[in-house]
Amino acid sequence: MKPHLVCPAAALAALVVLPFVLGPLHTNLMVRFAIEALFAVSLNLLLSFTGLLSFGHALYFGVGAYGAALILTHLEGIPLLAAVALSALAASLVGLVLSPLLVRVRATAFTMLTLAFGQLLYVLCSKFRAVTGGEDGIMGWTTPAMSLAGVFSLDVTQSVNIYFFAVGLSGLGILAMWHFTKTPMGSVMISIRDNQKRVDYLGYQVVLTKAVIFCLSGFFAGLAGAIYAVFNNLVSVGGVLHIMVSFQPLMAILVGGIGTFFGPILGSGLLLMLEEATQAYPELAQMISGLIFIAVVLFLPGGAISFGARIRAWWQKRAYLRKAREIAA
Amino acid sequence: MSPELQMYLAQGIHGLAYGMLLFLVASGLTLIFGMMGILNIAHASFFMLSAYLCVTVFNATGSFWLSLLLAPLAVALLGVLVERFLLRRAQASGLGHIAELLLTLGIALVMVEAVKLIWGTEGLQVMAPAPLAGLVNLGGLEYPVYRLFIIGLSLAVLGLLSLVLFRTRLGTIVRAAVSDPDMVSVLGVNTRRVFMLVFGLGTWMAGVAGVAAAPILTVFPGLADQMGMDAFVVVVVGGFGSLFGALVAALFLGELNAFGIQFIPKLSPVLMFAFMALVLAFKPTGLFGDRE
Numbered sequence: 013m014k015p016h017l018v019c020p021a022a023a024l025a026a027l028v029v030l031p032f033v034l035g036p037l038h039t040n041l042m043v044r045f046a047i048e049a050l051f052a053v054s055l056n057l058l059l060s061f062t063g064l065l066s067f068g069h070a071l072y073f074g075v076g077a078y079g080a081a082l083i084l085t086h087l088e089g090i091p092l093l094a095a096v097a098l099s100a101l102a103a104s105l106v107g108l109v110l111s112p113l114l115v116r117v118r119a120t121a122f123t124m125l126t127l128a129f130g131q132l133l134y135v136l137c138s139k140f141r142a143v144t145g146g147e148d149g150i151m152g153w154t155t156p157a158m159s160l161a162g163v164f165s166l167d168v169t170q171s172v173n174i175y176f177f178a179v180g181l182s183g184l185g186i187l188a189m190w191h192f193t194k195t196p197m198g199s200v201m202i203s204i205r206d207n208q209k210r211v212d213y214l215g216y217q218v219v220l221t222k223a224v225i226f227c228l229s230g231f232f233a234g235l236a237g238a239i240y241a242v243f244n245n246l247v248s249v250g251g252v253l254h255i256m257v258s259f260q261p262l263m264a265i266l267v268g269g270i271g272t273f274f275g276p277i278l279g280s281g282l283l284l285m286l287e288e289a290t291q292a293y294p295e296l297a298q299m300i301s302g303l304i305f306i307a308v309v310l311f312l313p314g315g316a317i318s319f320g321a322r323i324r325a326w327w328q329k330r331a332y333l334r335k336a337r338e339i340a341a
Numbered sequence: 406m407s408p409e410l411q412m413y414l415a416q417g418i419h420g421l422a423y424g425m426l427l428f429l430v431a432s433g434l435t436l437i438f439g440m441m442g443i444l445n446i447a448h449a450s451f452f453m454l455s456a457y458l459c460v461t462v463f464n465a466t467g468s469f470w471l472s473l474l475l476a477p478l479a480v481a482l483l484g485v486l487v488e489r490f491l492l493r494r495a496q497a498s499g500l501g502h503i504a505e506l507l508l509t510l511g512i513a514l515v516m517v518e519a520v521k522l523i524w525g526t527e528g529l530q531v532m533a534p535a536p537l538a539g540l541v542n543l544g545g546l547e548y549p550v551y552r553l554f555i556i557g558l559s560l561a562v563l564g565l566l567s568l569v570l571f572r573t574r575l576g577t578i579v580r581a582a583v584s585d586p587d588m589v590s591v592l593g594v595n596t597r598r599v600f601m602l603v604f605g606l607g608t609w610m611a612g613v614a615g616v617a618a619a620p621i622l623t624v625f626p627g628l629a630d631q632m633g634m635d636a637f638v639v640v641v642v643g644g645f646g647s648l649f650g651a652l653v654a655a656l657f658l659g660e661l662n663a664f665g666i667q668f669i670p671k672l673s674p675v676l677m678f679a680f681m682a683l684v685l686a687f688k689p690t691g692l693f694g695d696r697e
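In the order they appear, the protein sequences are chains A and B.
Sequential numbering from 13 applies to the first sequence in my numbering.
Sequential numbering from 406 applies to the second sequence in my numbering.
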């Protein structure tokens, strides 16, 4: 086996074994981790790679979740994967519809516009109870088994199976986004972040690239939402469209490390652990979120992933100092 | 006066009163943005905090006027501290405007939770002071005096603000710094201190609005979200950094809100966002702004 494949292979093996080692409680936690990580990475495509801060990413997550819930409730006999794919496509379509407006604004105006759209859908979904069930939401649909070409069937209502379903889809999604950042279009995306005017001047399609990014980011956020719906068997405005749903992945990116691809995944994991540790005090959740935002911006702008680099820098500095002292002596 | 005309007049003044309140909050927001490039997400939290402080001072002393004096000052002091010890350090983080947005978002979340811990989650009420509590007859329309007082108070603060901005040396510096902070700094002005003052002034105005709003709105932890969204929309629609734009947008949105509730109550929260999207679609810098 080639050496650079050892690590990914070991990680994959660990992921396969994990649900059998962990109890159902922690397996469910891993499912939530997979959903959060996919959601955070999709938002990170905008924040770290296009330089756009969105306060309304719950919009896409919510469309994906409601899409899956509505399809599974009203279209009997539809294959599970088709329902999930359709929901993600619906979220992607929302990105496409909004993109003529979103491509026109940058910086703070972009943040405010995404906030407005997110709140808009939140209000609309709370009011149109006939379709969305309002605050109560949609629940209690029967989730069909996932079948691949009729050969292989997986009942995703069971803890271990939903784990493979969620981790598998999230993993594929994250992998797809990772590859996107390496494509020529991904390079244009990063250049837009660094200097949009120059990219435009060089003749690259700024507007089109941004529209594609909004669709992609929306697609994977919607995918995360659809997995959430399948996992929870309950979708409500408070759970998938509330403004805190938009802030959760932002926090994961910030805690993990803004400007990196894998930081948000690390951040999602850390936040889930924190949530588990403080779950006895749910009323403090928002306070803790606020303090995390403040603390990370002030004291650790590089996030947790920058710890490695920091320790290395500190170690090198020590080594240099020791050497300098030896030379002086 | 016919009942229909009375309804239009009443809703019109309602909208005017809310629009002026909105302008008090949004003008501080847009001044701070113009000078420092920071959209202060926590701005409306200062508004809410002031309303709560008003309740406390009112309950302790029984004087509305004392709370109108004290609560905004306390809030302004907090604002100055936040600018000096938090925002100024965030600018060193190298994340640009993203750091400031996230930091002020964090402050907003902490303030909401702190308010819940201190005052609880139930809605609190303040009574308007005696001379302002009644109704006044406007050509056949019985209208609450207090809402007229809000319009007057807002006009007074607006007058004070224009006096400071257009008749003092500090105002000249502030206006210059809004258009080009770097150049003003190069000319030897301590812009950091001016920033701190403006931040204090902005939060003070939000504080005045908070106290003024306390008797007509229920004082509850969702107040900041409610006012905050409206104020952001005003700043975006009016144009970032434009005071005149904020005034026009605030008055327009106040009326839109008042008549929206009257005619299409179910969709009234949506109107505002739809209007903002419409403006941004045609002019991304807002109606009277020239920067993003």
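By construction, the Cβ of each residue, glycine as well, lies at the ideal position given by its N, Cα and C atoms.
No experiment lies behind these values; they were computed from the predicted model shown.
If you check the beta carbons only, do residue i and residue j fall under 8 Å apart?
i, j, result
"residue 70/A", "residue 255/A", "yes"
"residue 647/B", "residue 693/B", "yes"
"residue 644/B", "residue 448/B", "no"
"residue 198/A", "residue 127/A", "no"
"residue 111/A", "residue 76/A", "no"
"residue 659/B", "residue 420/B", "yes"
"residue 308/A", "residue 495/B", "no"
"residue 666/B", "residue 551/B", "no"
"residue 238/A", "residue 74/A", "no"
"residue 675/B", "residue 435/B", "no"
"residue 477/B", "residue 455/B", "yes"
"residue 702/B", "residue 459/B", "Nothing about residue 702/B can be reported from this structure: the residues present for chain B run from 406 to 697 only."
"residue 502/B", "residue 442/B", "yes"
"residue 250/A", "residue 315/A", "no"
"residue 151/A", "residue 92/A", "no"
"residue 243/A", "residue 178/A", "yes"
Going by CA-CA distance only, name the one from the options that's closest to residue i.
i, options, result
"residue 45/A", "294/A, 229/A and 279/A", "279/A"
"residue 300/A", "218/A, 259/A, 167/A and 317/A", "259/A"
"residue 62/A", "305/A, 23/A, 225/A and 72/A", "225/A"
"residue 521/B", "624/B, 493/B, 422/B and 538/B", "624/B"
"residue 713/B", "503/B, 558/B, 408/B and 412/B", "Outside the displayed range of chain B (406 to 697) lies residue 713/B, so it cannot be described from this structure."
"residue 578/B", "565/B, 593/B and 564/B", "593/B"
"residue 512/B", "491/B, 678/B and 532/B", "491/B"
"residue 514/B", "54/A, 302/A, 314/A and 88/A", "302/A"
"residue 59/A", "504/B, 487/B, 461/B and 446/B", "504/B"
"residue 227/A", "84/A, 108/A, 64/A and 88/A", "108/A"
"residue 51/A", "151/A, 252/A, 114/A and 223/A", "252/A"
"residue 293/A", "422/B, 518/B and 486/B", "518/B"
"residue 539/B", "483/B, 545/B, 527/B and 553/B", "553/B"
Exposed or buried, residue i, counting other C-beta atoms within 10 Å across all chains shown (16 or more means buried)?
i, result
"residue 547/B", "exposed"
"residue 156/A", "buried"
"residue 153/A", "buried"
"residue 16/A", "exposed"
"residue 240/A", "buried"
"residue 457/B", "buried"
"residue 635/B", "buried"
"residue 54/A", "buried"
"residue 137/A", "buried"
"residue 262/A", "buried"
"residue 131/A", "buried"
For residue i, list the residues DSSP reports as bridge partners.
i, result
"residue 166/A", "158/A"
"residue 547/B", "542/B"
"residue 246/A", "151/A"
"residue 624/B", "529/B"
Rounded to the nearest angstrom, what separates residue i and residue j at their Cα positions?
i, j, result
"residue 190/A", "residue 336/A", "42 Å"
"residue 282/A", "residue 464/B", "44 Å"
"residue 182/A", "residue 47/A", "7 Å"
"residue 444/B", "residue 298/A", "21 Å"
"residue 274/A", "residue 572/B", "54 Å"
"residue 141/A", "residue 229/A", "28 Å"
"residue 30/A", "residue 596/B", "57 Å"
"residue 534/B", "residue 120/A", "40 Å"
"residue 220/A", "residue 40/A", "39 Å"
"residue 38/A", "residue 257/A", "22 Å"
"residue 184/A", "residue 106/A", "22 Å"
"residue 56/A", "residue 334/A", "40 Å"
"residue 587/B", "residue 580/B", "13 Å"
Kindly indicate if chain D contains any beta-carbon less than 8 Å away from that of residue i.
i, result
"residue 298/A", "This model lacks chain D altogether, as its protein chains are A and B."
Any chance the CB of residue i is under 7 Å from a heavy atom of the ligand GTP?
i, result
"residue 477/B", "Ligands displayed in this structure: none; no statement on the ligand GTP is therefore possible."
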